Each structure stands twice: as C-alpha cells, then as structure tokens.
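Under UniProt numbering, the first residue of the sequence shown is numbered 1, with each subsequent residue one higher.
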Amino acid sequence: MLGMAMSTMSRARLERRLARCFSSATSATGKLSVLCFLGTTRNDGPPFPTRVGSRVAAYSASLLKKHGHAVEVVDPLELDLPLLRKPEFAYQRGEQPKVLSELAEAIRSADAFVMISPEYNHTASPALLNTLNHFGSSIFSYKPSAICTYSQGQWGGARAAVALRPILSELGCLPVSAMIHVPAAHTVFDEHGSLIKEESDWEQYFMRTFSQMEWWAMAAKNHKVLQDPFSLSPALKRQPSQRNAPK
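Structural data, given as structure tokens:
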C-alpha cells in the first residue's frame with residue numbers, strides 16, 4: 001500500500017511538472033532573448049566608411065526580430081570595455097564595474113547567443129575574445145550559440161569560426177553545427193545592414209544556422225522548467241581544483 005501511495009505521489013508530481021513545461025512551451029510561442037556579440041572595436045574602415053561588422057550584426061538582429069525574438073547587440077566599442085585585467089566574477093560582490101555587472105546580467109538572462117567576428121591571424125577577433133573572457137561559464141551555460149564570421153576577402157572568416165567552437169564549448173554555450181560565413185561582406189550589406197544582393201538567398205542561408213539555434217534554445221528553455229541543470233552539474237565557482245579528478 002505504501003509503495004502504491006508513493007507511486008501515485010510520484011506520478012502526480014511528474015504530471016504537474018509536465019503541465020508546467022507544456023504551459024511554458026505554449027506561452028513562449030518561440031520567443032527568445034538573444035544576445036549578438038559584435039567582435040570589432042574599429043570605428044572607421046577606410047576605404048569603407050561604415051564598420052563592416054556592424055552591418056552584419058544589424059542584419060542578424062533584424063532577421064531574428066523578424067522571427068519574433070528579442071535581440072540586443074553587444075558592441076564593445078559602445079561599451080568601451082577595458083582590456084581584461086580582472087574578470088567580472090573575480091570581484092567582490094557589489095564591487096564590479098557597472099558595465100561588467102550589467103553585461104553579466106544580460107548574459108545571464110539571455111536564451112541564446114550569436115557571435116559575430118572577423119578573422120585576425122587565423123582566429124577570432126581580440127575584441128570578441130576580450131569581451132567573452134571577462135565572464136565565467138556559469139552565466140553562459142546550457143544555452144546554445146551560433147557563429148557568424150565575415151571578411152572583406154573571399155574566405156568569410158571561416159578560420160575564426162573554427163577557432164571559436166572550442167571557446168564557446170568551454171563556456172557552456174555549445175555552438176550549433178551550422179555556421180555563417182560572409183565573404184566580401186561590404187558588397188553584401190549596405191551601411192544600414194540591409195542586403196544589397198539577393199535577399200531570399202541570404203535569408204535562407206542565415207536562417208539555416210539561426211533555426212538550429214532557435215530549436216536548441218527553445219528545448220533548453222522549456223526543459224529548465226522540469227529540471228534545473230545546475231542541480232545536476234553544479235557550477236564550479238570556488239576554486240580551479242574543483243575540476244580535478246579524484247585522487
């Protein structure tokens with residue numbers, strides 16, 4: 001009898017959790033909070049007067065908004081982030097610079113991330129890495145990311161994209177398999193981020209990656225109603241030795 005009672009209680013608890021999950025999935029209607037990280041601090045670009053990266057970011061943001069998502073572009077030039085000396089999590093509580101604490105909260109509240117970067121010496125841009133390295137993995141974890149690289153040459157920043165994959169994996173915001181590469185980006189987007197070339201082709205190309213990100217982000221967002229991921233795999237916040245294998 002006791003076993004039957006426990007089974008009934010467990011089943012009722014599971015049904016309540018499932019109801020909350022389905023309610024969340026229905027009410028969300030696919031809307032996500034997305035942060036687009038721009039990986040450039042250049043404020044001019046002769047012979048091209050408008051920053052190429054901001055054009056790519058503007059198009060990415062407009063496309064995600066078109067699909068019903070809330071999007072914010074994180075521009076390191078506007079934020080004027082310092083060169084990394086001390087990460088946000090290394091400060092005593094309440095002593096973080098305002099720009100870091102506000103960005104940390106935006107990262108914590110986001111459902112997904114888009115990384116937009118040019119290529120510098122076969123890797124991602126220093127501006128993007130400086131931004132990301134200010135923060136620990138616990139606020140990025142269990143959310144997907146999408147990689148979008150660009151260039152003024154023919155390769156579209158592909159090597160920067162490959163270099164970003166292990167970095168994003170370490171942060172816990174696993175990158176989706178599809179990636180976006182935009183060669184000769186200054187001929188693809190105008191200074192406002194609108195397409196110069198065939199719109200449907202480029203939208204379909206971007207959405208192949210963004211659709212994967214949307215799917216994983218909604219899955220993660222809704223599953224968190226059922227199970228807090230940090231209750232299964234706690235964040236390692238006290239000291240590096242927490243990562244060590246048992247002796």
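All C-beta atoms in this analysis are idealised placements derived from N, C-alpha and C, irrespective of residue type, glycine included.
This one's a predicted model, so the numbers in the text were calculated from it and none came from an experiment.
- Shown here, serine 169 sits in a helix according to DSSP, grouped into three states.
- By the CB criterion at 7 angstroms, arginine 55 and glycine 157 fall outside the cutoff.
- In the structure shown, the three-state DSSP call for serine 200 is helix.
- A Cβ-Cβ separation of about 14 angstroms leaves glutamine 212 out of contact with alanine 161 under the 8 angstroms criterion.
- When only Cα atoms are considered, serine 125 and methionine 218 end up about 29 angstroms apart.
- By the Cβ neighbour-count rule, tyrosine 91 is exposed, with fewer than 16 other Cβ atoms within 10 Å of its own.
- Secondary structure at glutamate 191: coil, using DSSP grouped into helix, strand and coil.
- Per DSSP, phenylalanine 140 lies in no alpha helix (DSSP H) and is assigned neither H nor E.
- Contact annotation: leucine 164 and isoleucine 147 have beta-carbon atoms nearer than 7 angstroms.
- For the pair lysine 66 and lysine 247, the Cα-to-Cα distance works out to about 53 angstroms.
- DSSP assignment within the UniProt domain "NADPH-dependent FMN reductase-like" (34-184) yields the following whole alpha helix (DSSP H) runs of 4 residues or more, N-terminal first: 52-66, 76-79, 98-109, 126-132 and 158-171.
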